[in-house]
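Residue numbers for the sequence shown follow the numbering used here, so the first one is 1455 and each next one is one higher. Note that CB positions come from ideal geometry on N, CA and C, so glycine has one too. Note that this is a predicted model, so its numbers are computed, not measured. For reference, the structure is listed below as C-alpha cells.
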Amino acid sequence: MTEKGIVDSIGDDAVTILCSDNPYCSSCNACEQSEGGKKLKVRNPEDLRISTGDFVEIYLSPGKSIFTGFMVFIMPIIMFFIFYYSAIYIIGTKIEAIRILSGISGIAIGFVINFIYGRIRKDSDLPEITRVLNKPDPNEY
1455 MTEKGIVDSI GDDAVTILCS DNPYCSSCNA CEQSEGGKKL KVRNPEDLRI
1505 STGDFVEIYL SPGKSIFTGF MVFIMPIIMF FIFYYSAIYI IGTKIEAIRI
1555 LSGISGIAIG FVINFIYGRI RKDSDLPEIT RVLNKPDPNE Y
C-alpha cells in the first residue's frame, strides 16, 4: 500500500511522518495519535535527501502488515490452544482450571515471543519512504 505524508522530524534511525486524514488512511490505524496529529514512524533505506516539511510517498508492505497482525493477534491465541490441550498429555491432568491456567501461560509466552521478536527485528519492518514529492498542496492534504 502506498500512502503520502509530510516529514515531521528526522532521527538517526527513523523518520516521523504526519499522516493524512483522508478516508482511505483512517481505516489503517498504523499511525500513532499524538498532540500534533497522527504520526507514523518510517525508514529511509535509500537515504533520500529529505527535510522537515517535505511531502513524501511511503510504501507499507502488505506482507509485513499481515505478518505483524498475525504475530500480535493470532499467535497468542494459537499458543493458548497449544498449551491448553498439551496440559492433558504433558501434565496428565483433566482438571479444567489447570488447563485454563496452562492456556493463559501460553498466551503470556506468545506475548513474550512477540516482545523478543520485536526487539530483534527493531525497525526493519517499518514502512519505507520511496520518493520525495512536491511540496504539499493544502487542498490535497
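Measure the C-alpha to C-alpha separation of residue 1551 and residue 1522 and round it to an integer number of angstroms.
What you label residue 1551 is simply residue 97 of the sequence shown in a count that begins at 1. What you label residue 1522 is simply residue 68 of the sequence shown in a count that begins at 1. Their backbone Cα atoms lie some 31 Å apart in a straight line.
Can you have a look at residue 1538 and say buried or exposed, based on whether 16 or more other CB atoms are within 10 angstroms of its CB?
Residue mapping note: residue 1538 aligns to position 84 of the sequence shown, counting from 1. The residue is buried, with at least 16 neighbouring Cβ atoms inside 10 Å.
For residue 1552, does the three-state DSSP call read helix, strand or coil?
Position 98 of the sequence shown, counted from the first residue, corresponds to residue 1552. In this structure, residue 1552 counts as helix in the three-state DSSP scheme.
Is the beta carbon of residue 1556 sitting closer than 9 Å to the one on residue 1541?
On the sequence shown, residue 1556 is found 102 positions in, with the first residue counted as 1. On the sequence shown, residue 1541 is found 87 positions in, with the first residue counted as 1. Yes, the pair counts as a contact, with Cβ atoms nearer than the cut-off.
Identify the residues that DSSP records as bridge partners of residue 1456: which are they?
Residue 1456 sits at position 2 when you count from the first residue of the sequence shown. In the DSSP output, where bridge partners are listed per residue, residue 1456 has 1513.
What are the residues that DSSP puts in a beta bridge with residue 1463?
On the sequence shown, position 9 is the one that residue 1463 refers to. DSSP, once it has assigned bridges, lists 1470 as partnering residue 1463.
Give the C-beta separation of residue 1461 and residue 1501 to the nearest angstrom, bearing in mind that I take them to be a contact with Cβ-Cβ under 8 Å.
By 1-based counting over the sequence shown, the position of residue 1461 is 7. By 1-based counting over the sequence shown, the position of residue 1501 is 47. Not confirmed; about 14 Å, so no contact.
If I measure Cβ to Cβ from residue 1585 and keep anything under 6 Å in the same chain, skipping five residues before and after, which residues do I get?
As a working note, residue 1585 is residue 131 in the sequence shown. Answer for residue 1585: 1511, listed in chain order.
Please name the residue, chosen from 1465, 1464 and 1459, that lies closest to residue 1472 on a Cα-to-Cα basis.
Numbered from its first residue, the sequence shown carries residue 1472 at position 18. Here the closest residue by C-alpha is 1459.
Output the distance between the C-alpha atoms of residue 1581 and residue 1504, rounded to the nearest integer angstrom.
Taking the first residue of the sequence shown as position 1, residue 1581 is located at position 127. Taking the first residue of the sequence shown as position 1, residue 1504 is located at position 50. Each residue's alpha carbon lies about 16 Å from the other.
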